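Trainee: The numbering used here puts the first residue of the first sequence at 9, with every later residue one more than the last.
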Amino acid sequence: MKIATVIVDVPTLGTDKEFDYLIPEKWIGIIEPGMRVAVPFGPRTIQGFVTGVKSDSPFSNKLKALKEPLDITPVLNKELLELGEWLATDTLSFKISCFQAMLPAAMKAKYEKRFLRINKEHNPFLDDLFAGKQEISWKKAEERNILPALHAEIKFGNAEVVYDVKSLARKKMIKVYQTMMVNAEILTLLNSLPSNASNQKKILEFVLKQQADEYSAKELSETGAPQSSIQALVKKGVFSEKSVEVYRDPFEHKQFTRTEPHPLTNEQQEAISPILDTIECEKYETYLLYGVTGSGKTEIYLQSIQKVLDKGQEAIVLVPEISLTPQMVDRFKSRFGDDVAVLHSGLSIGEKYDEWRKVQRKEAKVVVGARSAVFAPFENLGIIIIDEEHETSYKQEELPRYHARDVAIYRAKHHHCPVILGSATPSLESFARAQKKVYHQLTLSRRMNNKELPHVSIVDMREEMRDGNRSMFSRELHSKLADRLEKKEQTILFLNRRGHSSFMMCRDCGYVMQCPHCDISLTFHRYTNEMKCHYCGFNTFVPNTCPECSSNHIRYFGTGTQKVEEELYKIFPDARVVRMDVDTTGRKGAHEKLLEHFQSGKADILLGTQMIAKGLDFPNITLVGVLSADTMLHLPDFRASEKTFQLLTQVSGRAGRHELSGEVVIQTYTPEHYSVQFAGKQDYDRFYHQEMIMRKVGSYPPFYYLSLITISHEDLMKTVSTTEKITKYIQSRISDEAIILGPVASPIPRINNRYRYQCLIKYKHEPDLKPTLHKVLEHYQQQFIKEGLTISIDVNPYMMM
DNA sequence: AGCACGCCGACT
DNA sequence: GTCGGCGTGCTC
Numbered sequence: 009m010k011i012a013t014v015i016v017d018v019p020t021l022g023t024d025k026e027f028d029y030l031i032p033e034k035w036i037g038i039i040e041p042g043m044r045v046a047v048p049f050g051p052r053t054i055q056g057f058v059t060g061v062k063s064d065s066p067f068s069n070k071l072k073a074l075k076e077p078l079d080i081t082p083v084l085n086k087e088l089l090e091l092g093e094w095l096a097t098d099t100l101s102f103k104i105s106c107f108q109a110m111l112p113a114a115m116k117a118k119y120e121k122r123f124l125r126i127n128k129e130h131n132p133f134l135d136d137l138f139a140g141k142q143e144i145s146w147k148k149a150e151e152r153n154i155l156p157a158l159h160a161e162i163k164f165g166n167a168e169v170v171y172d173v174k175s176l177a178r179k180k181m182i183k184v185y186q187t188m189m190v191n192a193e194i195l196t197l198l199n200s201l202p203s204n205a206s207n208q209k210k211i212l213e214f215v216l217k218q219q220a221d222e223y224s225a226k227e228l229s230e231t232g233a234p235q236s237s238i239q240a241l242v243k244k245g246v247f248s249e250k251s252v253e254v255y256r257d258p259f260e261h262k263q264f265t266r267t268e269p270h271p272l273t274n275e276q277q278e279a280i281s282p283i284l285d286t287i288e289c290e291k292y293e294t295y296l297l298y299g300v301t302g303s304g305k306t307e308i309y310l311q312s313i314q315k316v317l318d319k320g321q322e323a324i325v326l327v328p329e330i331s332l333t334p335q336m337v338d339r340f341k342s343r344f345g346d347d348v349a350v351l352h353s354g355l356s357i358g359e360k361y362d363e364w365r366k367v368q369r370k371e372a373k374v375v376v377g378a379r380s381a382v383f384a385p386f387e388n389l390g391i392i393i394i395d396e397e398h399e400t401s402y403k404q405e406e407l408p409r410y411h412a413r414d415v416a417i418y419r420a421k422h423h424h425c426p427v428i429l430g431s432a433t434p435s436l437e438s439f440a441r442a443q444k445k446v447y448h449q450l451t452l453s454r455r456m457n458n459k460e461l462p463h464v465s466i467v468d469m470r471e472e473m474r475d476g477n478r479s480m481f482s483r484e485l486h487s488k489l490a491d492r493l494e495k496k497e498q499t500i501l502f503l504n505r506r507g508h509s510s511f512m513m514c515r516d517c518g519y520v521m522q523c524p525h526c527d528i529s530l531t532f533h534r535y536t537n538e539m540k541c542h543y544c545g546f547n548t549f550v551p552n553t554c555p556e557c558s559s560n561h562i563r564y565f566g567t568g569t570q571k572v573e574e575e576l577y578k579i580f581p582d583a584r585v586v587r588m589d590v591d592t593t594g595r596k597g598a599h600e601k602l603l604e605h606f607q608s609g610k611a612d613i614l615l616g617t618q619m620i621a622k623g624l625d626f627p628n629i630t631l632v633g634v635l636s637a638d639t640m641l642h643l644p645d646f647r648a649s650e651k652t653f654q655l656l657t658q659v660s661g662r663a664g665r666h667e668l669s670g671e672v673v674i675q676t677y678t679p680e681h682y683s684v685q686f687a688g689k690q691d692y693d694r695f696y697h698q699e700m701i702m703r704k705v706g707s708y709p710p711f712y713y714l715s716l717i718t719i720s721h722e723d724l725m726k727t728v729s730t731t732e733k734i735t736k737y738i739q740s741r742i743s744d745e746a747i748i749l750g751p752v753a754s755p756i757p758r759i760n761n762r763y764r765y766q767c768l769i770k771y772k773h774e775p776d777l778k779p780t781l782h783k784v785l786e787h788y789q790q791q792f793i794k795e796g797l798t799i800s801i802d803v804n805p806y807m808m809m
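1) Measure the beta-carbon distance from residue 387 to residue 85 and round it to whole angstroms, keeping in mind my assumption that it falls under 8 Å.
2) Return the chain-ordered ranges of every beta strand (DSSP E) run that is complete within the stretch 217 to 294 and spans a minimum of 3 residues.
3) Suppose you measure from the CA of residue 276 to the CA of residue 304; what does that come to, to the nearest Å?
4) With DSSP run on the structure shown, which of helix, strand or coil describes residue 344?
5) Excluding the 5 residues preceding and the 5 following residue 10 in the sequence, name in chain order all residues of the same chain whose CB lies nearer than 7 Å to its CB.
6) To the nearest whole angstrom, what separates the beta carbons of residue 324 and residue 417, a pair I think is in contact under 8 Å?
7) For residue 538, which three-state DSSP category applies?
8) Rounding to the nearest angstrom, what Cα-Cα distance links residue 24 and residue 447 in this structure?
9) Are three or more beta carbon pairs between the stretch 710 to 730 and the stretch 799 to 807 nearer than 8 Å?
10) Please report how far the alpha carbon of residue 711 lies from the alpha carbon of residue 114, in whole angstroms.
11) Tell whether a beta-carbon distance below 8 Å holds between residue 4 and residue 74.
12) Measure the Cβ-Cβ separation of residue 760 and residue 557 and say whether it is below 8 Å.
13) Is DSSP giving residue 2 helix, strand or coil here?
14) Going by beta carbon distance, what residues of the same chain come within less than 7 Å of residue 105, once the five residues before and after it are set aside?
15) So the beta strand (DSSP E) residue 56 belongs to, where does it begin and stop?
16) Please name the residue, chosen from 714, 504, 637, that lies closest to residue 683 on a Cα-to-Cα basis.
17) Exposed or buried, which one is residue 302 when buried takes at least 16 other CB atoms within 10 Å?
18) Which same chain residues, not among the five before or five after residue 343, have their C-beta less than 6 Å away from its C-beta?
19) I need the boundaries of the beta strand (DSSP E) containing residue 374, first residue and last residue.
20) Let me know if residue 8 comes out buried or exposed under the rule of 16 or more other beta-carbons within 10 Å of its beta-carbon.
21) Using only alpha-carbon positions, find the residue among 641, 584, 639 that is nearest to residue 615.
22) Check whether the stretch 485 to 496 touches the stretch 562 to 582, counting contact only when three or more Cβ pairs, one atom from each stretch, lie closer than 8 Å.
23) I believe residue 350 touches residue 367 by the beta-carbon criterion, under 8 Å. Please report the beta-carbon distance rounded to the nearest angstrom.
24) Fully enclosed by the stretch 122 to 190, which alpha helix (DSSP H) runs are 4 residues long or longer?
25) Can you have a look at residue 701 and say buried or exposed, based on whether 16 or more other CB atoms are within 10 angstroms of its CB?
26) When you compare the CB positions of residue 194 and residue 215, do they come within less than 8 Å of one another, or not?
27) Within this structure, are the beta carbons of residue 465 and residue 472 separated by less than 8 Å?
28) Is the stretch 65 to 81 close to the stretch 145 to 163, with three or more CB pairs under 8 Å?
29) If I follow the unbroken beta strand (DSSP E) through residue 48, where does it start and stop?
30) Considering only C-alpha positions, which residue in the set 326, 422, 327 is nearest to residue 292?
31) Among 779, 777, 782, 732, which residue has its Cα nearest to the Cα of residue 767?
32) Checking 8 Å against the spacing of the C-beta atoms, do residue 735 and residue 756 come in under that value?
33) Just confirm the distance between the C-beta atoms of residue 699 and residue 660, as a whole number of angstroms; I'd bet it's less than 8 Å.
34) Assuming residue 461 is part of the alpha helix (DSSP H), what are its boundary residues?
35) Could you pull out every unbroken alpha helix (DSSP H) segment of at least 4 residues lying fully inside the stretch 684 to 769, listed in chain order?
36) Return the chain-ordered list of same chain residues with a C-beta closer than 6 Å to the C-beta of residue 317, the five sequence neighbours on each side being excluded.
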């Protein structure tokens, strides 16, 4: 008797455990751990992951047999199965959610229900119900309002319900035509064809010219012949037709010119050599590659990977939201060609699935991708690289709330290989670990071409205001912009819209339009002319007069990119502006198009939000302007200073990377703030020291770890009292060393009419905390569902909202 | 999560 | 009497 242990696709606490299933005789030896299977679960059939195979079970009296395997080979190997279990404990998530997070979305199951007719005797009523067929889908039955009738028939034994477990994935198939005749035969046929068969003749002539064994349907139809002519030739035995699976290639129409390794500078040489050693001796080590922008980190990545590939191993490269850095993908594709699989959010579900399968089938040796690419199913991993290590997008905000850096380190330990964390502005956590020698620090302090860092000037916008300049461009930025336009050099204008995006305020009474369901002000959307809530989606018309005092002195505060664009055209009517934000880059590929447009010199100014801060490298940019540096500085987040510093430094790094030297203008209302000051000087080390003092005083990371618990409910009192109870419980079970803040209202105290309270735990070493938090979930579970409470626990949170 | 089972109110 | 409301509890 063989029994499979299965984690079922039901993400709840009660079912977050292994269920035992009998393996039918015919699949013994075929069902393996890591495969997806369809299993009966209660009255339904659902998907599950096999985690093990054993010979007996404590449930032997009520064992059911599994229905069928959904994979031919396991989709999760032993390492990934173990990683999933660890991840579930570490982030307090369900095992099933962790397994699903490791696979492309296409592999998530899709469930469908059908009614099957059992009684096939002539019966007008049944004939009518089933519309003369043997089965009817649940959806159809629902539409036709015959669910009760069908349920009755099930009771009579005339029908039954079947559950289908389907995969979202569709393999893409194309028709291929194999040549079945030799030239002489084709020639004979060609001559015997009637004169009006011009299309068939075209194809045969094409075949005689090409002399290939196989032709795709596309190739043949390019001769101008219709499908019917091809079919005619298949009938005549010229071709045999077959279907083959093809990968959807997102880079189909892109050409990559092969690059060779560049000679390394002394500094690069020094940095890469310990990495190469670690690869050689196959041991685990985390390196923090701290290198200023333009110091050549990527070449170090490339050459380290080359070494890994030479050893027959594989590499993972994580980049933040990769669709935003097409230049990065190009560099990897150019060096390693088809060995590279790319996984990022810009791909369709099918494309992602295909790229993933290239990895699984060992057709790709290098994966370049966003956060989830850290789970690439390699079995002989030689290196994991995390570029722009400080980026917060490496933390997943939905369940499972994991950080790619932690997963990378876990996997590297398993594979005995190095992790490289690269950044010009490392996260405080990583830099502190490097200082404590937990990570091994490698430094690149000089730019490759020995170009000096751009000159940065910080402009105090309060002074501009005092001097009567009420425009969003300071006099300095204005004159420099004019200068660049004159010289035909390019400018990047960076607008940080986060923080306070455009909201509406009455200048007479100070009324600010709020969302009726959430405690947050509504955002003004010019293109739809609506006031919108970014949290619950509520929207309403834009008022002409103040709803409170009927004044018509209504102003829109905060500056959107559209508004800046309009202003720009007012001041510089001839400037050619490319605007990049969520509105202009929504469509697939729009991003690349806009960048190409700018790169080819068809525009003078690139105006955008966060997304233009990263990785762009254009030679002709000599001016970078930051319109308001401090919009995110006042967010209720202990990382606000760090984020501001990183952003300003990254943006500044976009200027003067090549022959032309660059200038940066940072406009701010708080020029004295240390993160603005040190970013202006590009002085990471002094920023680090200052910020470490702030973190120490506030007992924040990297001095303390954090766990954040958020409780929400429609009733304020209920929310507060529950949070209080939970806080007390936790307090009683951990040491006095830990600091507990709360219960306090969340920074956004109400979303979608639900009040939100939280409790923040700061601690250094609390081995009992995670088990305690798990107990909280377990203990309150039933009560929570019953009373409509929701609880979310975030270990090491990055979003404090 | 779904779904069945079960125990109480308004109808043919 | 029964249909159907949704509270409760289970799923190998």
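Don't be surprised by glycine CBs; every beta carbon is placed ideally from N, CA and C.
If you're wondering where the values come from, they're calculated on a predicted model, not measured in any experiment.
Mentor: In short:
1) In the first sequence, the residue the question calls residue 387 occupies position 379. In the first sequence, the residue the question calls residue 85 occupies position 77. Right, their Cβ atoms sit about 6 Å apart.
2) 222 to 224, 247 to 254
3) The residue labelled residue 276 in the question sits at position 268 within the first sequence. The residue labelled residue 304 in the question sits at position 296 within the first sequence. Distance between the alpha carbons of residue 276 and residue 304: 7 Å.
4) If you number the first sequence from 1, residue 344 lands on position 336. Looking at residue 344 - three-state DSSP - the assignment turns out to be helix.
5) Along the first sequence, one-based indexing puts residue 10 at 2. The residues are 31, 36, 61, 63.
6) The residue given as residue 324 occupies position 316 in the first sequence. The residue given as residue 417 occupies position 409 in the first sequence. Wrong, their Cβ atoms sit about 12 Å apart, outside the cutoff.
7) Taking the first sequence and counting its residues from 1, the one referred to as residue 538 is at position 530. Three-state result, residue 538: strand.
8) As a first step, residue 24 must be located in the first sequence, where it is residue number 16. As a first step, residue 447 must be located in the first sequence, where it is residue number 439. Distance between the alpha carbons of residue 24 and residue 447 is about 35 Å.
9) yes
10) Taking the first residue of the first sequence as 1, we reach residue 711 at position 703. Taking the first residue of the first sequence as 1, we reach residue 114 at position 106. Rounded to whole angstroms, residue 711 to residue 114 spans 41 Å at the Cα level.
11) Any answer about residue 4 is impossible in this case: the structure gives the chain only from 9 up to 809.
12) In the first sequence, counting from the first residue as 1, residue 760 sits at position 752. In the first sequence, counting from the first residue as 1, residue 557 sits at position 549. Cβ distance not < 8 Å, so residue 760 and residue 557 don't count as in contact.
13) Residue 2 is absent from the model: the chain starts at 9 and stops at 809.
14) As a first step, residue 105 is located in the first sequence; it is residue number 97 there, counting from the start. Cβ neighbours of residue 105 beyond the five flanking positions: 19, 407, 408.
15) Along the first sequence, one-based indexing puts residue 56 at 48. From DSSP, the beta strand (DSSP E) with residue 56 extends over 52 to 62.
16) In the first sequence, the residue the question calls residue 683 occupies position 675. The shortest C-alpha separation from residue 683 is found at 637.
17) On the first sequence, position 294 is the one that residue 302 refers to. Result: buried.
18) Within the first sequence, residue 343 is the residue found at index 335, counting from 1. Excluding residues within five positions, the ones whose Cβ falls inside 6 Å are 267, 310.
19) Walking along the first sequence from the start, residue 374 turns up at place 366. It spans 374 to 377 - the beta strand (DSSP E) in which residue 374 sits, taken as one unbroken run.
20) The question about residue 8 has no answer here: the residues shown for the chain are numbered 9 through 809.
21) Within the first sequence, residue 615 is the residue found at index 607, counting from 1. The residue with the shortest Cα to Cα distance from residue 615 is 584.
22) yes
23) For this step, residue 350 is matched to residue 342 along the first sequence. For this step, residue 367 is matched to residue 359 along the first sequence. That pair is no contact at about 11 Å.
24) 132 to 137, 146 to 151, 155 to 164
25) Start at 1 with the first residue of the first sequence, and residue 701 comes out as number 693. It counts as exposed.
26) For the purposes of this step, residue 194 is identified with residue 186 of the first sequence, where counting begins at 1. For the purposes of this step, residue 215 is identified with residue 207 of the first sequence, where counting begins at 1. The answer is yes: Cβ separation under 8 Å.
27) For the purposes of this step, residue 465 is identified with residue 457 of the first sequence, where counting begins at 1. For the purposes of this step, residue 472 is identified with residue 464 of the first sequence, where counting begins at 1. Going by C-beta atoms, residue 465 is not nearer than 8 Å to residue 472.
28) no
29) Numbered from 1 along the first sequence, position 40 holds the residue referred to as residue 48. Per DSSP, residue 48 belongs to the beta strand (DSSP E) from 44 to 49.
30) By 1-based counting over the first sequence, the position of residue 292 is 284. The shortest C-alpha separation from residue 292 is found at 422.
31) Here residue 767 is taken as the residue at index 759 of the first sequence, counted from 1. It is 732.
32) Residue mapping note: residue 735 aligns to position 727 of the first sequence, counting from 1. Residue mapping note: residue 756 aligns to position 748 of the first sequence, counting from 1. Their beta carbons are not under 8 Å apart, which means residue 735 does not touch residue 756 by this criterion.
33) On the first sequence, residue 699 is found 691 positions in, with the first residue counted as 1. On the first sequence, residue 660 is found 652 positions in, with the first residue counted as 1. Rounded, the Cβ-Cβ distance is 18 Å, inconsistent with contact.
34) For the purposes of this step, residue 461 is identified with residue 453 of the first sequence, where counting begins at 1. Where residue 461 is concerned, there is no enclosing alpha helix (DSSP H), given that its DSSP letter is neither H nor E.
35) 692 to 706, 724 to 741
36) Here residue 317 corresponds to residue number 309 of the first sequence, with the count starting at 1. Excluding residues within five positions, the ones whose Cβ falls inside 6 Å are 373.
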